[in-house]
Each structure stands twice: as C-alpha cells, then as structure tokens.
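In what follows, a single structure is set out as structure tokens and then discussed.
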Ligand SMILES: *Cc1c(COP(=O)(O)O)cnc(C)c1O
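Structural data, given as structure tokens:
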C-alpha cells in the first residue's frame, strides 16, 4: 500500500494467472495452452509484418481481422469486435454492458476473472451454484439480474451446455445481456454465434489463445448485435484506440483463414483428451465430462493438493484450486501425447 494510490486500488483483488515457470523441461499442463504451434500461415503472415511499417500505427479497427472472423462465421463486420486477448474483450463487456443496479449472475464455479472485473468496475454479483454434478442449471438464471455471464464449456469443469439450454436463458432474460464466454468451444461444442441474429441480447466471446494456439499474441473477439458491439467500441476508443498491433492483426487473420490446420490440431487435442480421460479413469479418477482442452478430475482416496505437489516433484505442473467445492479436483490441460503419458506415469507412481 502507498499514499500515492487512488483509494479504490487498495480494495482491488487482482486475478492470479497460472504459473509460467522459467524452467523449460517441465511438462506444463497448468494453463490450457495448445501443445501444437500456431498455423504456419499465421507465423508467415506475422513475419511479413516485421518490417519498416512498424513505425506506423496499426489499423485502429483491426478490420482485416474482423473480416476474417466475419467470413469464418458468416456474420457482418458490424457484428464483430476484436481486442487484446478475450480478457480485455470481457473487461470492456463488464464495463460497458454489466454496470446496472441489479446484480450480474454467474456460476459459483467458473472463470475466476469474473469476480475480479466486478471488483474493478464496481458491479454487484450474485453467484449461482452449479448442481451436484457440477452442471449449470439454466432454470436458476430466471431471476432479476443486470446481466449473465458463463463460459461454455464451463471452466474449470469442462462441462458443455447445449445450444437449446442457452436459448432457454436468452428467452428468460430478454432485457439482459447474456455473455457466453466460448474460450474452449472449438474442442467439442457448437458455437452460440449461430444464434446472434435471433437474440439481440446475446454476446459471444472467443479467444485465439487456446484452439488457435496464439496465447502469446493476445487476441480475442466478440460477436453479437451491432448495438452491443458499439458499446464495446465506445469503451475501447475511450481506453486504447490501438489495442491490436500490426503483427497481431495479420497473424490472427491468417489463423482464422487456415481452417485445415485449425481443424486438424483441434481434432488431435480431442483424441488426446479421450485417451487421457481413459488413462485417468483406469487409475481410479472420477473425470467430469469435458468438451474443452483440459479435464477436471478427482481421486476418491488421494488428496488433490498432495497429488499436485507430488506431480510437481516429478516435473509435471497441473492447476489446483483451493475453492471449497472443488478443492479435491485437479485441472489438467491436454498436452502432446508424450506429455499426457508423462502425467499418467507420474500419477501412477503416486
Ligand atoms: C483462457 C480464458 C480466457 C482468456 O483468454 P485470453 O488469453 O485473454 O484471450 C477467457 N475465458 C476463459 C474461460 C478462459 O479460460
């Protein structure tokens, strides 16, 4: 604390990201990064941007990327927003769409950045408990609110909600924005972007950090009704008019254009996930059904914190959350086949 701080800074509770260890040899299965590199076409597009033009500001609108996203999803340019990582897109949505008198609703077990943004923007929140199987119960979201947000598939559980269930929430809340955070949708779910023309209260966010393997580039996006997109643009242009640099715009646009590489690598992750689930179950773990690039698992007789520490000693890092209902679970990212095998070997030795 310092006398120089604005008063509200002392009350902020910042987000704590998963560890990014400096040691290269570790089997890093703690932050849901993609084991396969970005599309070679994305890398080539970024290399082509690495020239004297860097003296010039980028396109403040990131139109080349918006167009690539619009083409990919068959939507219009004015339905697309792009930002510096979907965390930034989410921040603008909280700031521009969720500051109302009534509380924002989100699940008790969910992305831990949501309560952080509520703290930053002074938004009151009401957390809605997942059911006993750690699933979202859509009926619970028919209550007074100033907005609704949840990841689909949910994080850190990996559980997927069907589009019909999302429509149920949209119909029950015509006067609220329902934000579906699709950070992991490409690993087995159907995107709600197909619903944006029908529901003016739907905003869908996605990231290139997971399924397009560009976590280091920091690019995210939102798709929704032009009125919702305009709120995000107004916030963005009051904060930083050039959030995406020249290389990010070029690389992300090329990643969206390379459908073949994207589909193939997603499929490889999905196949590895199924093998990892089978391996964990053979060791006695209970694994929640996952449609993401991670699994959420607990062992009936082994303490999760002890397992995480034991894995670390063997050079494998996974994520363990201390929150009450999930303290006995480990969240394990799906890595390359040899990394997943190293995890299973280390667990069986424990
Ligand atoms: C990873 C993640 C994000 C953020 O991704 P960015 O890297 O900021 O684009 C958003 N929501 C959830 C649920 C995530 O897991």
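Residue numbers (the working numbering): 67 to 416. Don't be surprised by glycine CBs; every beta carbon is placed ideally from N, CA and C.
Say the cut is 6 Å; is the CB of residue 275 nearer than that to a heavy atom of ligand 1? Here residue 275 corresponds to residue number 209 of the chain shown, with the count starting at 1. Yes; taking the cut-off as 6 Å, the Cβ of residue 275 has a heavy atom of ligand 1 nearer than that.
Check for me: the alpha helix (DSSP H) holding residue 399 runs from which residue to which? Locating residue 399 in the chain shown gives position 333, where the first residue counts as 1. Per DSSP, residue 399 belongs to no alpha helix (DSSP H); it is in the beta strand (DSSP E), 395-399.
Taking 6 Å as the cut-off, is the beta-carbon of residue 311 closer than that to any non-hydrogen atom of ligand 1? For the purposes of this step, residue 311 is identified with residue 245 of the chain shown, where counting begins at 1. Residue 311 Cβ: outside cutoff for every heavy atom of ligand 1.
Give me the Cα-Cα distance between residue 186 and residue 89, rounded to the nearest whole angstrom. Position 120 of the chain shown, counted from the first residue, corresponds to residue 186. Position 23 of the chain shown, counted from the first residue, corresponds to residue 89. In a straight line, the C-alpha of residue 186 is about 33 Å away from that of residue 89.
Does the structure place the segment 161-171 close enough to the segment 132-148 that three or more beta carbon pairs sit under 8 Å? no
Just list the alpha helix (DSSP H) runs in the segment 104-151, keeping only unbroken ones of 4 residues or longer that don't cross its boundaries, in chain order. List check, alpha helix (DSSP H) in window: 106-115, 129-139.
Under 7 Å, do residue 345 and residue 410 count as touching if we go by C-beta distance? In the chain shown, counting from the first residue as 1, residue 345 sits at position 279. In the chain shown, counting from the first residue as 1, residue 410 sits at position 344. Yes. Within cutoff.
4 or more residues per run - each alpha helix (DSSP H) lying fully within the segment 280-343: 292-302, 312-323
Just grab the DSSP bridge partners of residue 173 for me. Working through the chain shown from its first residue, we reach residue 173 at position 107. Paired residue(s): 194.
With respect to the alpha helix (DSSP H) encompassing residue 407, which residues constitute its N-terminal and C-terminal limits? Numbered from 1 along the chain shown, position 341 holds the residue referred to as residue 407. That run of the alpha helix (DSSP H) goes 403-415.
When burial is assigned at 16 or more other CB atoms within 10 Å of the CB, is residue 248 buried or exposed? As a position in the chain shown, residue 248 is number 182, starting the count at 1. Buried, by the Cβ-count rule.
Are the Cβ atoms of residue 126 and residue 250 separated by less than 7 Å? Mapped onto the chain shown, residue 126 falls at position 60. Mapped onto the chain shown, residue 250 falls at position 184. Going by C-beta atoms, residue 126 is not nearer than 7 Å to residue 250.
Whether or not the segment 349-364 and the segment 148-159 are in contact is what I'm after, with contact meaning three or more pairs of Cβ atoms, one per stretch, closer than 8 Å; do they touch? no
Hey, would you say residue 202 sits closer than 7 Å to residue 227, going by beta carbons? Here residue 202 refers to the residue found at position 136 when the chain shown is read from its first residue. Here residue 227 refers to the residue found at position 161 when the chain shown is read from its first residue. Inclusion of residue 202 and residue 227 in the CB contact set at 7 Å is warranted, their separation being smaller than that value.
Under the DSSP definition of a beta bridge, which residues are partnered with residue 364? The residue given as residue 364 occupies position 298 in the chain shown. DSSP output for residue 364 lists 352, 395 as bridge partner(s).
How about residue 331 and residue 177: are their beta carbons less than 7 Å apart? The residue you call residue 331 lines up with position 265 of the chain shown. The residue you call residue 177 lines up with position 111 of the chain shown. Against a cut-off of 7 Å, the Cβ pair of residue 177 and residue 331 comes out as no contact.
Can you tell me which of the three DSSP states residue 216 falls into? Start at 1 with the first residue of the chain shown, and residue 216 comes out as number 150. Residue state, collapsed to three classes: strand.
Note down the Cα distance separating residue 10 from residue 183, rounded to an integer number of angstroms. Because the chain here runs from 67 to 416, residue 10 falls outside it and cannot be looked at.
Between the Cα of residue 190 and those of 196, 352, 213, spot the shortest distance and give me the residue it belongs to. By 1-based counting over the chain shown, the position of residue 190 is 124. Cα-wise, what sits closest to residue 190 is 213.
To the nearest angstrom, how far is it from the Cα of residue 194 to the Cα of residue 211? Taking the chain shown and counting its residues from 1, the one referred to as residue 194 is at position 128. Taking the chain shown and counting its residues from 1, the one referred to as residue 211 is at position 145. Distance between the alpha carbons of residue 194 and residue 211: 12 Å.
Under 6 Å Cβ to Cβ from residue 238, same chain only, skipping five residues before and after it: list those, please. The residue given as residue 238 occupies position 172 in the chain shown. Counting only Cβ-Cβ distances below 6 Å, and skipping sequence neighbours, we find 208.
With a Cβ-Cβ cutoff of 7 Å, do residue 196 and residue 173 count as a contact? Along the chain shown, read from residue 1 onward, the residue named residue 196 stands at position 130. Along the chain shown, read from residue 1 onward, the residue named residue 173 stands at position 107. Cβ distance < 7 Å, so residue 196 and residue 173 count as in contact.
Could you pull the DSSP bridge partners for residue 93 from this structure? Here residue 93 is taken as the residue at index 27 of the chain shown, counted from 1. The partner list for residue 93 (beta bridge, DSSP) reads 382.
7 Å CB neighbourhood of residue 242 in its chain, flanking five on each side removed: The sequence position of residue 242 within the chain shown is 176, counting from 1. 211, 212, 213, 214, 267, listed in sequence order.
Please indicate yes or no: does the CB of residue 399 lie closer than 6 Å to some heavy atom of ligand 1? Position 333 of the chain shown holds residue 399. No, ligand 1 has no heavy atom inside 6 Å of this Cβ.
Could you tell me the distance, in whole angstroms, from the CA atom of residue 278 to the CA atom of residue 71? Locating residue 278 in the chain shown gives position 212, where the first residue counts as 1. Locating residue 71 in the chain shown gives position 5, where the first residue counts as 1. Rounded to whole angstroms, residue 278 to residue 71 spans 38 Å at the Cα level.
Residue-chain proximity (residue 101, chain B), Cβ-Cβ < 7 Å: Among the chains in the structure shown there is no chain B, since it carries only a single protein chain.
For residue 320, is the beta carbon positioned less than 6 Å from some heavy atom of ligand 1? Numbered from its first residue, the chain shown carries residue 320 at position 254. Outside the cutoff, so no.
Quick check on the burial criterion: 16 or more other C-beta atoms within 10 angstroms. Buried or exposed for residue 273? Translated into positions along the chain shown, residue 273 becomes position 207. Result: buried.
Using DSSP with H/G/I as helix, E/B as strand and the rest coil, what is residue 227? On the chain shown, residue 227 is found 161 positions in, with the first residue counted as 1. Three-state DSSP puts residue 227 in coil, outside helix and strand.
Less than 6 Å between C-beta atoms, sequence neighbours within five positions excluded: which residues of the same chain meet that for residue 399? Here residue 399 refers to the residue found at position 333 when the chain shown is read from its first residue. Taken in chain order, the residues that qualify are 95, 98, 360.
Is the beta carbon of residue 320 closer than 7 Å to that of residue 111? To locate residue 111, count along the chain shown from 1; it is residue 45. To locate residue 320, count along the chain shown from 1; it is residue 254. Yes; because the gap between Cβ atoms is below 7 Å, this pair is in contact.
Between residue 353 and the rest of its own chain, which residues show a CB-CB distance below 8 Å, the 5 nearest in sequence each way excluded? Your numbering for residue 353 matches position 287 in the chain shown. Same-chain partners within the cutoff: 343, 346, 347, 361, 362, 363.
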